[in-house]
Every structure is written in structure tokens, then in C-alpha cells.
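In my numbering, the protein residues as written are 263 to 352.
Note that CB positions come from ideal geometry on N, CA and C, so glycine has one too.
On a predicted model such as this, the values are computed, not experimentally measured, just so you know.
Written below as C-alpha cells is the structure these notes are about.
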């Protein structure tokens, strides 16, 4: 199965505990567009684009997929989802 958008919560933090950003930076065909926001709550939010072939060899090369790594704090996750993810999905 393929997807157009991946949204994760948890694993996004400030400092050494930012596992989501490290995973996206280390993924093949992935470009981290931003890894921090100047807002609270929601500072450790990460956004990356991935080539569609990161998910399936059957997908068309060059198509982009989005990955949002939201903080695990419930207030931070809801805030960043409302301000970033939902508008992108519309």
C-alpha cells in the first residue's frame, strides 16, 4: 500500500531525543524541509518530503510524499496538526 502523507506523533523532541528527525534525515530520497519552529507549543515539529519510490517501487518516480513528525505532547501535537497538517490536507 502507498500513501501521500505520513503523520507521526512522539519521537520529535529538542536535542538528542529527536528520533523522528534523525530517521527522516537518514532515509533514502528524503529531504528535511524544516526541523524546528519558532513557536510554543510545537517547537520540535519536523517536515520532510520523500520521493514516492521510498514507499513502493511501483510508484511514479519524482512524485513527492509529505512526512510530518509532530511532538508527543498532546497540546503540541494538536496545535501543530491544526496549524500545519490540516491546511495541507485541504
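With 16 other Cβ atoms within 10 Å as the buried cut-off, status of residue 344: exposed
message: Classify residue 279: buried if its beta carbon has 16 or more other beta carbons within 10 angstroms, exposed otherwise.
response: exposed
message: I need the DSSP call for residue 285, collapsed to helix, strand or coil.
response: helix
query: Since residue 348 is in the alpha helix (DSSP H), which residue starts that stretch and which ends it?
result: 348-351
message: Residues in the same chain with beta-carbon distance under 7 Å from residue 341, minus the five sequence neighbours each way, listed in chain order, please.
response: 303, 304
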